[in-house]
Amino acid sequence: MTFFDSFSLPEPLQRAIDDLGFTEPTDIQRSAIPALLDGRDVVGIAQTGTGKTAAFGLPLLAHVDAGERHVQALVLTPTRELALQVAEAIGTFAAKQRTEVIAVYGGSSYLPQLRALKHGAQVVVGTPGRIMDLMERGALDVSRLRVFVLDEADEMLRMGFAEDVEKIASSIPTERITALFSATMPDSIARVAATHLRDPLRIEVTPASSTVENTEQLYAVVPFRFKVEALARVLSVWREEAALVFVRTRSTAEEVATALAARGVRASSISGDVAQAERERLIERLRHGTLDVLVATDVAARGLDVERIGLVVNFDVPREAEAYVHRIGRTGRAGRKGKALAFFTPKEMSRLRTIERATHTKLTEVTVPSPSDVVDHRIQQVLRTLPAGDLSVFREAVIASGADPLDLAVALLARAVDSAPEPTSPGGRLRREEIVDEQGHFLRAWFEGQGKGRTEHRATRGDDFPFERKAPRAGRRDAGDGSAFRYRVEVGHKDGVKPGAIVGALTGDGRIEGRSIGRIDIYPSFSLVDLDFEPSDETIRRLQKSRVAGRALRMAPDRGPRSKERRPYSKRRFD
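Numbered by the numbering used here, the letters in the sequence shown go through residues 380 to 954 in order.
Below, the structure is given as structure tokens:
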């Protein structure tokens, strides 16, 4: 049996993969890593989910000199999503060495990419069009390139990037290491390999197993802008012990976790840039029940094995069937039953057919719970937990109030489930949105009114992701007018903290409901958080010790400005 420590990787890389829990390599890794470390070109016929990113990413980093601040390795990918995933994975592997990895792709601002290149990024992962553009601008210098990787080469050629790939490959030094990975090997790919690779080692890997036992596989058709609301409803009604939600990028993971926390779900996010100590803490919380939902990228979920996970949600459907299989394999473990739910937008239905063909499994369509389903479920929970024993004191209080007992019971039940009556249209019916596909077929993914007190959506940075903002409560004003309690926590911009991480600590360690958290202002060295109630001394004590981004929160009531420190780089709103 082969283990990673037998590859003689540089010590920082070995420590990084030990921290990630990697022990036994996959088939593609077992063959490709030694060859690439020895400087040999490689052609790998392998699909996503076989571990090919580590197969080329680890030796790529082994050939990079962290002391030289120029581009030494270039990875071409067909899409921005894959560029982000690959850059995140390689960045995770490089966590113990001073190597800067950046993703470049079209449809986004040039400035951050130009700034990173000027600063001396050593590994560039990008799409052919943007790579060509940066080369033509003179911003991307590939004259000292050591490693060149073509990832998903067949997809790149299918998308019409053949000319760009040819120009890029012809512009880089001939004395280099080249790796080409493709799910298939048509003649066009064979010609690229024959032209640009020197006596390559050909490695062909059998696709990952396509059967997952003990897992019920389901799907729902959900319009893109309703995904967060759909996820929140599913988590409210499908009462699994714990859930793992897969998304495409780290920014989406943060946004989804924050949105769930705002709805009272004990959720947090994890991605490749999360420190190992924080990663272990989150997994322990998930394992011991102080965290119920973990929103993760594929890279971050590697090695994650928690028996409590009864539900896996593909919030963003993976591009390859093998990746889907690996994701849903995180539930249904140790002989337990599990559920896997995938959200498909109407335009993604072809991916559903691809997954079904590859896995030889027919996924069952389900309808996302409606708002009334959520309320009904909460009512049943309350009724199942009614107190027993002597209730005579309360009975007398009801009689003394003079209120109609039935009206009083209804009002108290509504408060217990934290639900107000649904808004109705002038005609008295709930607003519905019916989704129709391109052929005019009605899809059973309709949503009743999005709920009282919520705006529909807004788009966030670069991801076109619909993060549904929590509307301010009636009568709520900024802290300082007596309507909110403001607290200071000792983490800020310089720690790389995001609002979602602070929310995760408050809801997890502090056991504060997400709906009670208001505005969050992040300053250079600290942050201010508004709560709609005054937490107990015990809650404050717990949150003083809670750690975010490697630092203790040291949460305490805000006493006002201390100095000129209160000049935020940016002001972030959570409410």
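Beta carbons: idealized from backbone N, C-alpha and C, even for Gly.
What would DSSP say about residue i, mapped onto helix, strand or coil?
i: Lys-741; result: coil
i: Leu-453; result: strand
i: Gly-517; result: coil
i: Glu-409; result: Residue identity check: residue 409 is Arg in the sequence provided, not Glu. In this structure, Arg-409 counts as helix in the three-state DSSP scheme.
i: Phe-864; result: strand
i: Ser-925; result: coil
i: Thr-349; result: Not covered by the structure: residue 349. The range shown for the chain is 380 to 954.
i: Gly-436; result: helix
i: Leu-910; result: strand
i: Phe-560; result: strand
i: Ile-758; result: helix
i: Glu-390; result: helix
i: Val-870; result: coil
i: Arg-525; result: coil
i: Pro-936; result: strand
i: Arg-730; result: helix
i: Val-443; result: coil
i: Thr-590; result: With a pLDDT of 42 at Thr-590, under the threshold of 50, the modelled position of this residue cannot be trusted; read the value that follows with caution. Thr-590 falls in the coil class under three-state DSSP.
i: Glu-460; result: helix
i: Phe-605; result: helix
i: Asp-397; result: helix
Go through its chain and collect everything with a Cβ distance to residue i's Cβ below 8 Å, but skip five positions before and after it.
i: Lys-716; result: Asn-593, Thr-594, Glu-595 and Gly-689
i: Ala-935; result: Tyr-866, Arg-867, Ile-919 and Gln-923
i: Arg-612; result: Val-747, Pro-748, Ser-749, Pro-750, Asp-752 and Val-753
Any idea which residues DSSP pairs residue i with across the strands?
i: Leu-720; result: Leu-597 and Val-692
i: Leu-623; result: Leu-673 and Val-691
i: Leu-580; result: Val-421
i: Gly-508; result: Gly-508 pairs with nothing; no bridge assigned.
i: Asp-900; result: Leu-907
i: Gly-647; result: Looking at the sequence provided, one finds Ser at residue 647 rather than Gly. According to DSSP, which records beta bridges pairwise, Ser-647 is partnered with Leu-673.
i: Arg-890; result: According to DSSP, Arg-890 bridges with nothing at all.
i: Arg-930; result: Val-927
i: Ile-919; result: Looking at the DSSP assignment, Ile-919 forms no beta bridge with any residue, so it has no partner.
i: Arg-482; result: Checking the sequence shown, residue 482 turns out to be Ala, not Arg. BP columns for Ala-482 point to Val-504.
Just confirm the distance between the C-beta atoms of residue i and residue j, as a whole number of angstroms; I'd bet it's less than 8 Å.
i: Arg-706; j: Phe-625; result: 5 Å
i: Gly-430; j: Thr-405; result: 4 Å
i: Thr-432; j: Val-465; result: 6 Å
i: Phe-912; j: Ser-895; result: 6 Å
Can you find the residues in the same chain that come closer than 6 Å, C-beta to C-beta, to residue i, ignoring five residues on each side of it along the sequence?
i: Val-526; result: Leu-439, His-442, Ala-452 and Ile-556
i: Phe-435; result: Val-528 and Ala-558
i: Arg-627; result: Glu-460 and Asp-695
i: Tyr-703; result: Pro-697 and Ile-734
Taking only the alpha-carbon atoms, compute the straight-line gap between residue i and residue j and give it to the nearest angstrom.
i: Ser-749; j: Val-601; result: 13 Å
i: Leu-519; j: Asn-693; result: 36 Å
i: Arg-604; j: Thr-724; result: 9 Å
i: Val-674; j: Ala-621; result: 11 Å
i: Arg-558; j: Gly-423; result: For the sequence presented, residue 558 should be read as Ala rather than Arg. For Ala-558 and Gly-423, the distance between alpha carbons rounds to 8 Å.
i: Pro-507; j: Val-761; result: 56 Å
i: Thr-631; j: His-667; result: 25 Å
i: Pro-579; j: Ser-550; result: 20 Å
i: Ala-646; j: Gly-400; result: 23 Å
i: Asp-530; j: His-449; result: 22 Å
i: Lys-831; j: Asp-888; result: With a pLDDT of 32 at Lys-831, under the threshold of 50, the modelled position of this residue cannot be trusted; read the value that follows with caution. If you take the alpha carbons of Lys-831 and Asp-888, they lie about 29 Å apart.
i: Val-908; j: Glu-542; result: 52 Å
i: Ile-881; j: Lys-606; result: 23 Å
i: Glu-583; j: Ala-572; result: 14 Å
i: Gly-879; j: Ala-562; result: 36 Å
i: Thr-710; j: Asp-671; result: 14 Å
By Cβ distance, which residues of its chain are closer than 7 Å to residue i, with the 5 residues on each side in sequence left out?
i: Arg-394; result: Lys-475
i: Pro-565; result: Asp-533
i: Arg-952; result: Bear in mind that a pLDDT of 39 at Arg-952, under 50, signals an unreliable position, so the number given afterwards is only what the model happens to contain. Correct list, in chain order: Arg-898.
i: Tyr-484; result: Arg-459, Ala-462, Gly-505, Thr-506 and Arg-509
The ligand MG and residue i: does the residue's C-beta get closer than 7 Å to at least one heavy atom of that ligand?
i: Pro-766; result: Among the components modelled here there is no ligand, and therefore nothing to report on the ligand MG.
Consider the Cβ of residue i: report whether some Cβ of chain D lies at a distance smaller than 8 Å.
i: Gly-875; result: Judged by its chain identifiers, the structure shown contains no chain D, having just a single protein chain.
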